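Residue numbers (UniProt numbering), protein chains in the order written: chain A, 1 to 404; chain B, 1 to 404.
One structure is given here, and the rest of the page talks about it.
There are 2 protein chains.
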Amino acid sequence: MSVFQATASAPVNIACIKYWGKRDTKLILPTNSSLSVTLDQDHLRSTTTSRADPSFKKDTLWLNGKDDPIKEGGRLATCINELKRLRKVLVEDKDASAPKLSTYAVHIASYNNFPTAAGLASSASGFAALVSSLAKLYELPSTPSELSLIARQGSGSACRSLFGGYVAWEMGTKADGSDSYAVEVAPQSHWPEMHAVICVVNDAKKGTSSTSGMQRTVETSALLQHRIKHVVPKRMADISAAIQARDFDAFAQITMADSNQFHAVALDTEPPIFYMNDVSKAIIALIVEYNRVALEKTGHLKAAYTYDAGPNAVIYTLQENAKEIVELIHKYFPQKEAFNDRFQLFGGEGVKGKVVEGFNEAVAQPHEVDAVKGIIHTKVGDGPRTLGAEESLLNAEGTPKTLA
Amino acid sequence: MSVFQATASAPVNIACIKYWGKRDTKLILPTNSSLSVTLDQDHLRSTTTSRADPSFKKDTLWLNGKDDPIKEGGRLATCINELKRLRKVLVEDKDASAPKLSTYAVHIASYNNFPTAAGLASSASGFAALVSSLAKLYELPSTPSELSLIARQGSGSACRSLFGGYVAWEMGTKADGSDSYAVEVAPQSHWPEMHAVICVVNDAKKGTSSTSGMQRTVETSALLQHRIKHVVPKRMADISAAIQARDFDAFAQITMADSNQFHAVALDTEPPIFYMNDVSKAIIALIVEYNRVALEKTGHLKAAYTYDAGPNAVIYTLQENAKEIVELIHKYFPQKEAFNDRFQLFGGEGVKGKVVEGFNEAVAQPHEVDAVKGIIHTKVGDGPRTLGAEESLLNAEGTPKTLA
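Shown next, in the form of structure tokens:
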């Protein structure tokens with residue numbers, strides 16, 4: 001008997017123009033367009049295996065090996081049902097010989113290769129991998145943009161993880177959400193020098209969830225509508241042009257301004273929402289000073305910080321500057337664990353904390369070990385990948401393999 | 001021979017609708033109107049003695065006993081010269097017998113009764129006291145609003161310290177600034193139950209000065225203009241009405257929203273400006289939770305936080321709730337020095353840290369001693385006072401007395 005199964009992996013993406021606010025909370029339709037860089041799934045990824053089998057009793061998901069109940073009417077169920085519907089309409093109804101996979105329950109095993117404790121949102125890569133693996137299993141003829149419509153309903157920003165490179169989520173205007181999907185602004189290969197240094201910041205307290213936080217901003221901020229109507233559209237156009245032109249100065253300036261403005265409207269919420277803490281702010285001070293020196297010496301910016309709904313910093317930079325930034329962060333934030341030197345910047349002796357010449361060291365205080373729990377160096381990457389059977393996360397019985 | 005001398009004291013004011021941005025940096029004309037509560041000068045004040053004497057060589061100022069050079073063309077010189085001009089025009093030109101004080105140099109001694117280290121802006125009370133003492137010395141017939149036009153040119157928010165109670169600074173529209181002055185919204189006696197608990201927050205690093213910070217916001221924030229044009233005018237009207245009606249709920253809601261929005265536009269600046277730190281944010285979390293409990297129990301808010309260009313919290317509350325707030329702050333922020341119990345809330349045994357029933361203690365972590373360096377309990381107060389000769393800060397020679 002055939003095994004109907006597919007495995008896919010999908011990347012994390014980090015927005016430069018931030019998504020904050022829904023105009024439809026059920027369909028997950030945003031109040032503004034957004035734009036992100038897809039990060040390399042060689043480093044950070046979600047992997048998902050989906051199997052359809054007539055013997056399965058009900059749709060079941062295991063997340064990192066643990067049963068994660070699928071709530072009826074919930075976002076996960078919405079995605080699975082929509083993909084089954086497409087299987088029926090686009091495949092089975094057109095080809096009578098196609099197995100009726102849409103009528104079988106599915107077993108899904110999903111695994112993130114980065115710890116939840118890292119504070120990196122796994123819902124984007126997770127839903128993108130889930131949609132990709134089911135689309136492969138069902139042999140759907142859908143394009144990444146079409147699949148992004150489904151991933152969007154799982155987790156808004158997941159739609160952007162259906163592409164590699166530089167990706168826009170066009171907000172759309174239709175009530176049914178059919179024009180609210182992701183498009184590729186430029187592939188990874190257009191500007192492969194874009195690197196990212198992620199600083200995982202220690203956070204004592206749990207912040208406001210982005211789902212509830214963004215709706216509170218929609219309801220109470222006196223500034224959000226201005227951002228939506230008058231600021232974001234121009235920034236979307238400008239940063240797309242900057243990416244086309246590989247203009248890092250413009251890319252960095254817009255990315256930092258939009259991170260700041262996202263946190264500004266979060267603060268303009270009642271009660272106010274704070275995602276950045278004093279460590280996040282110290283990293284901003286370092287990047288501002290690093291750019292000041294760079295601008296003075298070269299006339300160009302060298303780094304762009306951005307913060308999502310948490311205290312972690314993602315610092316975009318071009319490949320040639322990544323070493324300086326890793327050294328800079330180490331200088332102020334001593335690390336407990338050795339830096340994972342994926343790009344072989346440092347050779348055998350490891351990283352030494354260091355600032356560039358002319359850097360005013362007084363812009364921040366050195367912190368204690370663990371203020372920044374980890375530093376991840378990665379770069380722009382490709383979109384979802386289909387993996388071979390040997391990568392399956394399900395065993396013969398259709399339950400999760402035990403991972404090493 | 002006569003001694004021409006006057007002494008005045010003036011209060012601190014803390015804005016509920018924040019002043020942030022100048023449309024004219026020389027005349028100090030703001031981009032929006034603002035509104036403040038004047039605090040009791042029995043507790044926090046600047047006192048200034050001015051003396052005019054033909055033997056004096058040049059205008060001289062001592063601030064807290066230390067010679068503070070008067071820069072030609074600077075703000076201090078502008079205020080002194082404008083008051084001399086009024087002396088000539090309004091007094092000497094009309095009454096030939098009036099001594100020609102406008103032709104004498106002045107010696108000015110000014111003293112703040114709160115330490116600079118407290119992080120409370122002393123420029124507002126300082127310029128208000130200076131203008132008040134010179135106006136008295138020169139026997140000017142000017143009203144407080146007229147004097148506020150002069151104080152404004154010393155330090156914008158100083159104009160609001162020319163009145164007690166609840167004070168608006170009308171931004172005005174004229175290019176010469178002649179309609180940009182303070183007016184009384186309501187006197188202290190209209191709503192004397194307004195108390196303030198000031199938390200002096202320890203701050204490791206020196207923040208951006210408000211003078212340079214606000215102009216950077218004017219130049220780079222994409223949100224400030226919306227605030228100025230579409231948010232502040234309605235808030236000014238609404239909070240004035242709330243004060244007239246003694247409606248603490250509306251007063252508190254607007255005060256907190258405007259503090260948040262001021263810090264939001266500071267964050268929306270390039271590079272971003274942060275005045276609040278993690279301790280400031282913890283105090284916000286406490287007040288939000290305290291209000292949540294109050295709303296649930298009584299249907300009303302009990303406290304309103306507000307932050308100026310620094311990490312200190314000012315918590316407005318009605319007299320009846322001041323004790324609970326002082327206890328709440330002590331619970332999370334242990335104090336090195338004994339609380340100055342001006343209103344005899346606690347009797348002999350001193351303050352015990354305590355939360356109200358139903359309060360979720362997990363909203364913040366208890367901090368170490370000195371995270372909040374001091375707690376000052378005060379209330380709404382009156383406007384500048386003229387003091388007797390026995391309060392003079394100048395000795396017979398016209399130099400500062402040594403203060404105990």
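Beta carbons are placed, not taken as given, at the ideal position from N, Cα and C, and that holds for glycine.
Just so we're clear, the structure is a prediction, and the values are computed from it rather than from any experiment.
Look at the stretch 272–301 of chain A: the residues with a C-beta under 8 Å from a C-beta of chain B are Pro272, Phe274, Asn277, Asp278, Lys281, Ile284 and Val288. With fewer than 16 other CB atoms across the displayed protein chains lying within 10 angstroms of its CB, Ser178 of chain A is exposed. 9 Å or more divides the Cβ of Ala8 of chain A from the Cβ of Ser145 of chain A. Rounded to the nearest angstrom, the Cβ distance from Met194 of chain B to Val37 of chain B is 6 Å, consistent with a contact under 8 Å.
Using a Cβ-Cβ cut-off of 9 Å, Arg227 of chain B counts as an interface residue toward chain A, since at least one Cβ of chain A sits closer than that to its own.
The beta-carbon distance between Gly381 of chain A and Asp42 of chain A, rounded to whole angstroms, is 7 Å. This is short enough to meet the 8 Å contact definition.
At a cut-off of 9 Å between beta-carbon atoms, Asn32 of chain A makes no contact with chain B. Our two residues, Asn321 of chain A and Glu296 of chain A, have alpha carbons roughly 16 Å apart in a direct line. According to the DSSP assignment, Thr31 of chain A belongs to no alpha helix (DSSP H), since it is labelled neither H nor E. Only Thr220, Ser221, Ala222, Leu223, Gln225, His226 and Arg227 from the stretch 212–227 of chain A bring a Cβ to less than 9 Å from some Cβ of chain B.
A residue is called buried when at least 16 other Cβ atoms come within 10 angstroms of its Cβ; Gln244 of chain B does not meet this threshold and is exposed. Sorting A:Val326, A:Lys281 and A:Thr173 by C-alpha distance to the C-alpha of Asn312 of chain A places A:Lys281 at the top. For Glu184 of chain A, the enclosing beta strand (DSSP E) begins and ends at Ala182 to Ala186. Taking each of A:Thr49, A:Glu139 and A:Val372 in turn and checking the Cα distance to Ser110 of chain A, the smallest one comes out for A:Thr49. In the pairwise beta carbon analysis, the stretch 21–40 of chain A is classified as touching the stretch 222–232 of chain A: at least three pairs are separated by under 8 Å.
Within chain B, not a single residue places a beta-carbon under 7 Å from that of His107 of chain A; the smallest gap is close to 38 Å.
Residue state for Ala364 of chain A is assigned as coil, using DSSP reduced to three classes. Going by DSSP, Leu267 of chain A is part of the alpha helix (DSSP H) stretching over Phe248 to Leu267. DSSP, read as helix, strand or coil, puts Met194 of chain A in strand. Interface criterion not met: the Cβ of Thr25 of chain A is under 9 Å from no Cβ in chain B. Within chain A, the residues Ala222 have their CB atoms less than 7 Å from the CB of Val231 of chain B, given in chain order.
Of all alpha-carbon atoms in A:Gln344, A:Arg51 and A:Pro141, the one lying nearest the alpha-carbon of Lys88 of chain A is that of A:Pro141.
When only Cα atoms are considered, Ser161 of chain B and Glu391 of chain B end up about 20 Å apart. Look at the beta carbons and you see the stretch 56–64 of chain A not touching the stretch 331–344 of chain A: under three pairs across the two are nearer than 8 Å.
Listed along the chain, the chain B residues whose CB falls inside 9 Å of the CB of Glu82 of chain A amount to none; the nearest CB is some 37 Å away. Neighbours of Val356 of chain A in chain B, taken as residues at a C-beta separation under 7 Å, are lacking, since the least C-beta distance is about 18 Å. For Thr255 of chain A, no CB of chain B lies under 9 Å from its own CB, so it is not counted at the interface with that chain. The Cβ atoms of Gln253 of chain A and Leu137 of chain A do not sit closer than 9 Å to each other. In the displayed model, Val326 of chain A falls within a helix according to three-state DSSP. Residues of chain A with a Cβ closer than 8 Å to the Cβ of His367 of chain B do not exist; the shortest Cβ-Cβ separation is about 11 Å.
Counting only runs of 3 or more residues that sit fully inside the stretch 46–77 of chain B, the beta strand (DSSP E) segments are 60–63, in chain order. Closest by C-alpha distance to Ser189 of chain B, out of B:Pro69, B:Phe163 and B:Ser157, is B:Phe163. The Cβ neighbour count for Thr378 of chain B, taken over all protein chains shown within 10 Å, is at least 16; the residue is labelled buried. With a cut-off of 8 Å on Cβ pairs, the stretch 281–294 of chain A is not in contact with the stretch 167–176 of chain A, counting fewer than three such pairs. In the three-state reduction of the DSSP assignment, Ile273 of chain A falls in the coil class. Taking each of A:Gly172, A:Leu39, A:Lys66 and A:His330 in turn and checking the Cα distance to Lys401 of chain A, the smallest one comes out for A:Lys66.
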